[in-house]
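When we follow our numbering, the leftmost residue of the sequence shown carries the number 89, and every step to the right adds one. The C-beta atom is built at its ideal place from N, Cα and C for all residues, glycine as well. Values in this document were obtained by computation on a predicted structure and should not be read as measured data. Presented below is the structure to which this report refers.
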Amino acid sequence: MMYNHRDVEKKWQQYWEKNKTFKTTEQNNKKAYILDMFPYPSGAGLHVGHLEGYTATDIISRFKRLKGFDVLHPIGWDAFGLPAEQYALKTGNHPAPFTLKNIDNFRRQLKSLGFSYDYDKEVNTTDPNFYVWTQWIFKELYKHGLATIEKIDVNWCEGLGTVLANEEIIEKDGIKVSERGNFPVIKKPMKQWVLKITKYAEKLLEGLEDLDWPESLKLLQRNWIGKSTGHVVNWNVLNSTEHIDTFTTRLDTIFGVSAIIISPEHKLISKLISLDQKQEVNEYIANAKQKSELERTQLSKNKTGVFLGTYVKHPFTKKQIPIWTSDYVLTSYGTGAIMSVPAHDERDFDFAKKYDLEIIKVINISDDKLPYNGDGKHINCSIFDGLNNEEATNKIFEALDKSMSVRKNINFKLRDWIFSRQRYWGEPFPILFDENQNIYLVKELVALPYINNIKPSGTTDGPLANIPEWNNVIIDGKKYRHDNNVMPQWAGSSWYYLAYILKNADGTYTPLDSQEAKKRFENWLPVDLYIGGQEHAVLHLLYARFWHRFLFDLGIVNTKEPFAKLINQGLILGPDGQKMSKSLGNVINPDEFVESHGADSLRIYEMFMGPLTDSKSWNVDSLNGIKKWLDRIYATFKNLLDNKIDISLDSSELDSNINQLILDVEENIEKTKFNIAISKMMVFINYLSSQTRIASKYPLKVFAILLSPFAPHIAEELLQILGEKQIHEQLWPFVEVDKILSKSPQIGIQINGKARGQIEVQDSWSEDEVIEHAIKLPNISKWLEGKTIIKKIYIKDKILNLIIK
89 MMYNHRDVEK KWQQYWEKNK TFKTTEQNNK KAYILDMFPY PSGAGLHVGH LEGYTATDII
149 SRFKRLKGFD VLHPIGWDAF GLPAEQYALK TGNHPAPFTL KNIDNFRRQL KSLGFSYDYD
209 KEVNTTDPNF YVWTQWIFKE LYKHGLATIE KIDVNWCEGL GTVLANEEII EKDGIKVSER
269 GNFPVIKKPM KQWVLKITKY AEKLLEGLED LDWPESLKLL QRNWIGKSTG HVVNWNVLNS
329 TEHIDTFTTR LDTIFGVSAI IISPEHKLIS KLISLDQKQE VNEYIANAKQ KSELERTQLS
389 KNKTGVFLGT YVKHPFTKKQ IPIWTSDYVL TSYGTGAIMS VPAHDERDFD FAKKYDLEII
449 KVINISDDKL PYNGDGKHIN CSIFDGLNNE EATNKIFEAL DKSMSVRKNI NFKLRDWIFS
509 RQRYWGEPFP ILFDENQNIY LVKELVALPY INNIKPSGTT DGPLANIPEW NNVIIDGKKY
569 RHDNNVMPQW AGSSWYYLAY ILKNADGTYT PLDSQEAKKR FENWLPVDLY IGGQEHAVLH
629 LLYARFWHRF LFDLGIVNTK EPFAKLINQG LILGPDGQKM SKSLGNVINP DEFVESHGAD
689 SLRIYEMFMG PLTDSKSWNV DSLNGIKKWL DRIYATFKNL LDNKIDISLD SSELDSNINQ
749 LILDVEENIE KTKFNIAISK MMVFINYLSS QTRIASKYPL KVFAILLSPF APHIAEELLQ
809 ILGEKQIHEQ LWPFVEVDKI LSKSPQIGIQ INGKARGQIE VQDSWSEDEV IEHAIKLPNI
869 SKWLEGKTII KKIYIKDKIL NLIIK
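Here is the structure:
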């Protein structure tokens with residue numbers, strides 16, 4: 089018996105909306121803040137890959153409500169950004185209507201899938217009521233010396249007329265181009281707003297320790313911050329008053345130095361080039377500007393460089409050490425100069441082999457396999473021979489310290505955050521410049537002016553430079569101008585999770601710096617569960633953690649970290665096994681499957697495909713199996729109710745099974761093992777469908793509640809059929825442990841020797857019945873479609889192997 093999923097889902101979505109079923113409550117003594125990384129509302133709308141994380145958070149949110157928690161489960165829109173700006177430039181239309189239309193479509197899709205968001209909490213980063221607080225945070229950063237204007241090398245894209253983040257750049261045919269439009273990108277010195285995230289490097293490292301995040305993700309952040317403790321050595325340039333500072337974590341290898349290598353952007357490079365090397369070095373510097381930092385620092389990259397024609401003097405041996413430039417040395421790391429020790433560093437070794445530089449071994453190893461970067465007794469080091477790494481480091485430091493040519497230093501790879509964008513569609517800076525370029529903070533909101541027909545300025549200013557009536561301001565007879573740049577898209581996403589807490593039902597926001605805000609933050613922070621893609625593992629999360637820790641230091645928020653637990657969901661791959669993308673033509677829109685199979689089928693299918701963190705390929709046949717399973721649940725309920733409840737029946741087996749199911753589903757929801765929770769429910773429905781009469785409706789009610797986080801529409805319908813209250817008036821069922829009989833064994837099911845599922849075997853089942861129940865499981869039946877079972881191998885209470893052809 090099939091149920092009409094279209095009518096059922098429409099009915100309950102209307103009920104939820106009318107009754108504001110998912111409105112955030114503050115009436116219990118337990119809270120759960122469950123958050124998705126909010127989406128950018130593109131014109132393409134949602135695809136099925138987006139739904140995995142959204143479904144996971146929805147399951148947890150619904151489960152927590154049933155467990156008596158106050159739940160904050162909001163959604164919003166990261167709506168500023170380059171795609172909308174490019175649409176506006178191409179069409180001559182303003183990006184706001186286009187963006188709002190996309191948001192409406194996204195919201196429609198989310199509602200069609202039954203996600204239990206509190207839409208009174210919805211935020212939009214383009215709303216002035218929202219970004220006035222982005223501006224407030226910026227002003228506080230400025231007041232505390234964490235926002236400055238600096239002349240700095242940036243990724244400039246002439247075709248887009250803006251600075252780009254590294255993540256917005258790709259390489260095509262060996263040239264850096266913009267990800268959007270494939271326009272060339274070059275390094276260009278420009279005056280930009282810079283946020284001093286490096287001043288928080290130590291706090292950002294420290295904060296990772298207690299977070300319930302994947303270790304791989306924490307490692308990515310540690311590596312991005314890149315703390316290293318070492319020494320800065322001062323090298324005197326021969327025949328010059330100049331000196332070069334090199335940073336090294338291996339001071340003990342100083343006797344193995346065969347070259348000093350500086351970055352092509354080093355501030356002294358023009359003073360260090362000999363006359364006969366000038367043309368070659370300048371050509372090399374120009375080529376280096378075309379390469380990304382990632383490309384320059386890859387270990388596998390072919391090393392290139394040029395000799396400058398000048399030398400430094402070794403502080404111990406007094407040898408002349410040649411000065412080179414190479415693009416594998418970055419000006420943003422350390423001092424922008426290194427002492428090259430080929431025998432004990434892989435990149436230095438490759439460089440020395442290519443350019444025939446001297447390779448001096450200073451650590452005694454049993455074989456001659458170089459480079460060697462481990463510990464050992466030192467050789468070729470004069471009076472320091474025989475010392476191990478640490479001893480040699482300390483003694484060499486003492487010797488160099490006497491001549492003031494060394495200092496201890498902690499270095500970070502992390503760079504300050506370039507915060508200006510030459511765009512229209514972004515948050516304006518809340519500042520004014522006077523005619524002498526002095527900076528004044530604007531107390532009130534600086535709203536983005538509404539203009540049609542946005543055009544690039546034709547200079548390194550943003551399109552706002554084209555609006556003199558907005559750009560130029562006169563106050564008390566004195567001339568000022570607004571900043572023509574806007575903030576990057578990262579700005580709003582760095583604090584939006586706080587905005588949900590501040591958002592009021594009338595569309596206003598409680599002031600971020602108010603006592604009421606502080607009370608709300610104390611109630612809801614930190615975010616208990618944050619789910620999103622690993623592509624945001626570094627920058628978004630690092631930026632949000634930086635702003636949050638700064639707000640903690642101001643006394644605005646009550647926690648040092650924003651996100652207590654974080655999960656990166658796996659990708660839903662296209663049917664071709666590749667990541668979904670428009671260019672590959674393998675993007676799957678959920679709308680057609682909501683129509684054909686129902687939202688509940690789609691939700692359960694995405695959770696049943698495999699572990700939440702794994703990547704999985706889309707398979708319509710499996711989705712068909714899930715739809716049949718939901719039809720079977722509905723039919724089983726209807727049949728048992730039609731056959732009437734018989735209280736005289738022995739209910740011990742059913743009571744045992746339903747109580748065991750409560751335990752299993754709860755445990756696996758808590759562990760986000762949703763696929764296992766679903767398989768447990770499948771086993772129970774197999775059992776329940778074998779019953780012709782039952783002694784009580786209670787197990788049916790319990791099952792509907794257990795099913796509701798996964799398939800909420802049909803669960804609501806089943807409760808109504810049973811004459812029970814709806815889900816929001818129910819509680820998670822209590823486990824009567826004493827009713828659980830000795831547990832039936834669970835066996836693995838193999839097909840041609842490969843594990844494909846598992847089944848709980850009832851004591852009363854014969855071998856034929858085990859096989860009969862096994863082949864009905866959706867995750868088994870899909871492998872049997874169009875196949876013939878030629879052999880069945882059953883080992884009691886251990887395994888079932890089906891051989892097919």
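The beta carbons of N322 and D333 sit closer together than 8 Å. Taking 8 Å as the cut-off, the Cβ atoms of F335 and V320 count as close.
Annotation for A425: no alpha helix (DSSP H) segment contains it, though the beta strand (DSSP E) segment containing it runs A425 to S428. Within the DSSP secondary-structure output, A843 pairs in a beta bridge with Q838. In the displayed model, L888 falls within a strand according to three-state DSSP. Annotated as distal: R637 and Y175, with beta-carbon spacing of 8 Å or more. For P216, the enclosing alpha helix (DSSP H) covers residues P216 to K231.
Around the beta carbon of F798, 16 or more other beta carbons lie within 10 angstroms, which makes this residue buried. Pairing L520 with V251, the inter-Cα distance amounts to about 21 Å. Taking all protein chains shown into account, T317 has fewer than 16 neighbouring C-beta atoms within 10 Å of its C-beta and is therefore exposed. With a threshold of 16 other beta carbon atoms within 10 Å, K441 falls short and is exposed.
Using a 10 angstroms sphere on the CB of G180, the tally of other CB atoms stays under 16, which defines it as exposed.
Within the stretch 450-506, the runs of alpha helix (DSSP H) at least 4 residues long that lie entirely inside it are, in chain order, 477-489. Here N756 carries a helix assignment [DSSP, helix/strand/coil]. R608 is a Cβ neighbour of T598, given a cutoff of 8 Å. By the beta-carbon neighbour count (other beta carbons within 10 angstroms, threshold 16), I562 is exposed.
Taking every protein chain shown into account, the CB of Y512 has 16 or more other CB atoms within 10 angstroms, so this residue is buried. Under the three-state reduction of DSSP output, P277 falls in the strand class.
For S414, the enclosing beta strand (DSSP E) stretches over residues Q408 to S414. Around the beta carbon of A425, 16 or more other beta carbons sit within 10 angstroms, so the residue counts as buried. The beta carbons of P518 and V534 sit about 5 Å from each other, so the pair counts as a contact at 8 Å. Distance check between A167 and each of T113, K870, F681 and P129 places P129 closest, using alpha-carbon atoms only. One Cα belongs to I122, the other to Y882, and the distance between them is close to 44 Å. DSSP lists P277 as the bridge partner or partners of D241.
Of the candidates K591, E515, V645 and P678, the residue whose Cα lies closest to the Cα of I660 is P678. The DSSP-derived three-state label of A593 is coil. Beta-bridge pairing by DSSP links E259 to K264.
In this structure, G621 places its C-beta atom within 8 Å of the C-beta atom of Q657.
Taking 8 Å as the cut-off, the Cβ atoms of M427 and I348 count as close. Of the candidates I764, T413, E330 and R781, the residue whose Cα lies closest to the Cα of D734 is R781. DSSP, reduced to helix, strand and coil, places Y528 within a strand of the structure shown. Proximity to L795 across F762, G580 and L728 peaks at F762, based on C-alpha coordinates. Looking at the DSSP output, R509 shares a beta bridge with V574. For V708, the enclosing alpha helix (DSSP H) stretches over residues V708 to D730. If only uninterrupted beta strand (DSSP E) runs of at least 3 residues are considered, those enclosed by the stretch 106-151 are 119-124. In the same chain as L711, and ignoring 5 residues on each side of it, the C-beta atoms closer than 8 Å to its own belong to F681, H685, S689, L690 and Y693, in chain order.
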